[in-house]
Amino acid sequence: MLVPVLAVSIGAALQLIDPPVLQTLRQAVFDQYQRVHPRVYQTAPVRIIDIDEESLAKVGQWPWPRTRIAELVERLRRAEVAAIGFDVLFAEPDRTSPKAMLDLWDLSGATLRGIAGLPDHDDLFAAALRPGGVVLGFAVEREGESAPFPAQKYRYVNMGEPALPFVHPFSRAVSPLPVLSAAAAGNGVLTFVPDGDGVVRRVPLLLRLGDTLVPSLVAEVLRVGQGAQNYLVRTSSTQGVGLTEVKIGQFTVPTTAAGEAWVHFSRPVRERTIPAWKILAGAVPDAELAGKLVLVGTSAQGLMDLRFSPLGGVMPGVEAHAQMLEQVLTDSYLYRPAWASSIEALTIIIGGLALGTLALMTGALSSAIVTLLVIGLIIWGGWFAFIDHQLLLDPVTPTLGIFIAFTLSSVVHHLSSERRQRFVKQAFSRYVSPNLVSHIVDHPQELELGGRRQECSFIFTDLAGFTSLMEKIDPGEAVALLNAYLDEMISIAFQHNGTLDRIVGDAVAIMFSAPVQQPDHRQRALTCAIAMQRFAARYADDLQARGIAFGQTRIGVHTGEVIVGNFGGSTIFDYRALGDPVNTASRLESVNKHLGTRMCVSQATLSGCTGIVTRPVGRLVLKGKSQPLMVFQPIHDGLEVPGAPAQDPEYAAAYVLLTQDPVAAMAAFRQLARTRPADPLVKLHLQRLQEKQTDDLIVMTEK
């Protein structure tokens, strides 16, 4: 039960660490939200003055003379725009200024004095900036020596903790020329802080430059456009969390802890953008620009101000600034609230514990279905929060945490189930043959009433004299001796892949070629029977040497077609074989006590065996049968025929004479009896010859 807790801990740790791969997945989901459901463009007082390819073709290559930029400012001011923001960096002097030209031209006299007396282009541009309403952009860098900051025309009011430690830090500014920076109404940072994949998803409102807060271009344009002086920066009431919002004039912008605002992008629309050449040419009515926040930027590829967009593809950097301003003015913010992480963590904890416990307690299918439903609900919840409330809730981390909880719990459940199955299988194998248990586990569809017809081989064993032994020694000791005997006998059967059919007292019945068919079942059965006989003889001899009269084992082996399957009723099954060959094998076992032998095997079994030395017993008509059955006695290790050789040609020759020359057969068996007085078959046939039974047909009158 600790597994769900462990899994939830892993999920919570992943959320806390937030590795790059998790960030990438989450950002990909947020991007997909925007691609499927982009912000619907609403007419807003924001315009982009685009220095596009067409403007470069009509006006001239970049950089344009600052006099041309000043002309652009004057035309926009005459149209009474609310504010002008330059997404352009004026960090170097104008190379087209008269003084710069003097360094290139070899002039003298009046011409030199005349050109030297012309006004500097940067001074003219600064003069165009001084009436107000213009914000210049500057860049910041994380490395490099400190440089002069641009002029600061604003103040900060902190509500809560100081915001400085939470915003993105930079150490160096690449500022506009001081004359321009001082003349502008505001100076804002152009730099974005894209995610690891280079996509711009958020626009910073504030950044840290050294030990100073500096505003972004968006923030400054919004401030200057309203004529405001202050930034009201609010941090979370919980210490160490970071920023929650920035108030600029009458607008309050929700931010991330680092002072950024999420951008809900709309698709590009023509109404947002005006080519710069049209402004210079006076081709745009003043009414179309009046009261607008105007951003001057470039979409020309050669000017290298292109950014990756969440909507896919690239966009001009000025587009991100403009769309951020549109959101502020239309109050259509995209939020990732401070409590989002808490909700996601709570989802991981509750969902992970619940589904992990469910996976431990129920079946795989039901727990998987519930888990998929919960994951689907989380994904739907994230999508619903986005389209209905513009909230960015992360479905990736909770889904991953829940999936980890389900997977770990399912694996543990599976391992636990396997361990229980192994235990049940091992325990069941104490009652039922292991190969039968394995077959049922592998083929549960066969666990039904009924059987099939097939050929099988059978071994029946019985222990002579055990009942009388029970009367002579302590019953507990007798049971212990019997259990040790049966344990090894059954173990030998299992080693030969036999199936335990039944144990009746001290008797054992073994079946071959069921439930799994064995083409060599005859060979297996006879080899197994010989191994059992060897053990039984050795076990009895050892006990008899200790003074315990443990009897010898009799074995019968036969092969034939039977019905094999499950028999019984709806309450209980009994897997066994039914048919005459089963009874015949049992009779062959019991006939040993009348013949004096320990093992009898039928011709039906022997016909499928090789490497087994046997000698014929005779054609036996068993009790209750009418047809004779050719029966043989295996010869192995001298156990069956004490004193007999490994091969017994003398007996074989005498047996042949039984049906050909009874007189010669009598003489041959008498000779064998003198040399082998303990040979049971020699005594049997000699006695039958003396009783005038002059063939090998033996009719049994007893079982």
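Just so you know, we're using this note's numbering here: the sequence shown kicks off at 1 and counts up by one.
Each residue gets a CB set at the ideal place from its N, CA and C atoms; glycine is no exception.
Same chain only: Cβ atoms within 7 angstroms of residue i, ignoring 5 sequence neighbours per side
i, result
"tryptophan 131", "Just to set this straight, residue 131 is proline in the shown sequence, not tryptophan. Closer than 7 angstroms at the Cβ level, and outside the excluded window around proline 131, lie Arg77."
"leucine 25", "Val396"
"alanine 364", "Ser410"
"alanine 665", "Ala654, Leu657, Leu658 and Leu689"
"arginine 336", "Thr256, Trp262 and Leu392"
8 angstroms contact criterion, which residue i and residue j should meet: CB distance rounded
i, j, result
"valine 135", "phenylalanine 90", "Between phenylalanine 90 and valine 135 the Cβ distance is about 12 angstroms, and since that is not below 8 angstroms, they are no contact."
"serine 216", "glycine 188", "5 angstroms"
"phenylalanine 550", "leucine 622", "That belief does not hold up - the Cβ atoms of phenylalanine 550 and leucine 622 are roughly 28 angstroms apart, past 8 angstroms."
"arginine 202", "histidine 121", "Contact doesn't hold; Cβ gap of about 36 angstroms is too wide."
"alanine 276", "isoleucine 51", "5 angstroms"
"glutamine 533", "arginine 598", "6 angstroms"
Assigned secondary structure, residue i (DSSP; H/G/I helix, E/B strand, else coil)
i, result
"serine 410", "helix"
"phenylalanine 550", "coil"
"aspartate 520", "coil"
"cysteine 528", "helix"
"isoleucine 612", "coil"
"methionine 666", "helix"
"glycine 596", "coil"
"asparagine 158", "strand"
"glycine 225", "helix"
"serine 9", "helix"
"asparagine 187", "strand"
"aspartate 580", "helix"
"aspartate 695", "coil"
"glutamate 455", "strand"
"valine 504", "strand"
"glutamine 728", "In this structure the chain extends from 1 to 703, so residue 728 is not present and cannot be described."
"glycine 568", "strand"
"phenylalanine 192", "coil"
"aspartate 542", "helix"
"valine 682", "helix"
C-alpha distance - residue i paired with residue j, whole-angstrom precision
i, j, result
"valine 508", "aspartate 462", "7 angstroms"
"glycine 643", "valine 682", "With a pLDDT of 49 at glycine 643, under the threshold of 50, the predicted position of this residue should be treated as unreliable, though the coordinate-derived value follows. Straight-line Cα distance between these residues: approximately 12 angstroms."
"arginine 267", "serine 417", "54 angstroms"
"threonine 399", "tryptophan 380", "12 angstroms"
"alanine 704", "alanine 183", "Residue 704 lies beyond the range of the chain shown here (1 to 703); nothing can be said about it."
"aspartate 695", "proline 475", "46 angstroms"
"leucine 686", "leucine 658", "10 angstroms"
"lysine 292", "valine 218", "14 angstroms"
"proline 19", "glutamate 260", "21 angstroms"
"glutamine 32", "valine 296", "30 angstroms"
"proline 581", "glycine 465", "26 angstroms"
"serine 513", "proline 628", "25 angstroms"
"glutamate 143", "valine 179", "25 angstroms"
"isoleucine 49", "tryptophan 62", "15 angstroms"
"serine 468", "serine 410", "57 angstroms"
"glutamate 650", "proline 680", "15 angstroms"
"glycine 704", "methionine 315", "There is no way to answer for residue 704, as the model of the chain reaches only from 1 to 703."
"valine 699", "glycine 579", "22 angstroms"
"alanine 652", "arginine 615", "7 angstroms"
"proline 254", "methionine 304", "30 angstroms"
"isoleucine 635", "isoleucine 612", "8 angstroms"
"alanine 359", "glycine 352", "10 angstroms"
"valine 196", "arginine 420", "Reading the sequence as shown, one finds glycine at residue 196 and not valine. Roughly 48 angstroms separates the two Cα atoms."
"valine 81", "serine 9", "56 angstroms"
"proline 4", "leucine 207", "42 angstroms"
"isoleucine 459", "arginine 453", "19 angstroms"
"alanine 12", "threonine 347", "10 angstroms"
"tyrosine 431", "alanine 667", "Reliability of the predicted coordinates at tyrosine 431 is poor, the pLDDT of 48 falling under 50, and the value obtained from them is presented with this limitation in mind. Answer to the nearest angstrom: the Cα atoms are 53 angstroms apart."
"phenylalanine 428", "leucine 22", "A caution first: phenylalanine 428 carries a pLDDT of 49, below 50, which makes its placement in the model unreliable, though a value can still be read off. Answer to the nearest angstrom: the Cα atoms are 48 angstroms apart."
Neighbourhood of residue i by C-beta, 8 angstroms cutoff - its chain only, sequence neighbours within 5 removed
i, result
"valine 284", "Ala79, Ile274 and Lys278"
"leucine 6", "Leu408"
"leucine 373", "none"
"arginine 540", "As written in the sequence, residue 540 is alanine, which differs from the arginine given in the question. Around alanine 540: Phe550, Gly551, Gln552 and Thr553."
Cut-off 6 angstroms between Cβ atoms - residues of its own chain near residue i, not counting five sequence neighbours on either side
i, result
"leucine 393", "Ala340, Gly382 and Ala385"
"threonine 252", "Glu245"
"glutamine 323", "Val263 and Phe265"
"asparagine 158", "Val233"
"glycine 451", "Ile563, Val564 and Gly565"
Check: residue i C-beta below 7 angstroms from any heavy atom of the ligand ATP
i, result
"glutamate 488", "With respect to the ligand ATP, the structure shown offers nothing to examine, as it has no ligands at all."
For this session: Just list the alpha helix (DSSP H) runs in the region 359 to 398, keeping only unbroken ones of 4 residues or longer that don't cross its boundaries, in chain order.
Result: 364 to 389
For this session: Ignoring anything shorter than 3 residues or poking outside the region 75 to 100, list the beta strand (DSSP E) runs there in chain order.
Result: 83 to 86
For this session: Could you name each continuous beta strand (DSSP E) segment of 3 residues or more that falls completely within the region 253 to 301, going from the start of the chain to the end?
Result: 260 to 262, 273 to 275 and 293 to 298
Problem set entry | 3 or more residues per run - each beta strand (DSSP E) lying fully within the region 19 to 80 | 46 to 51
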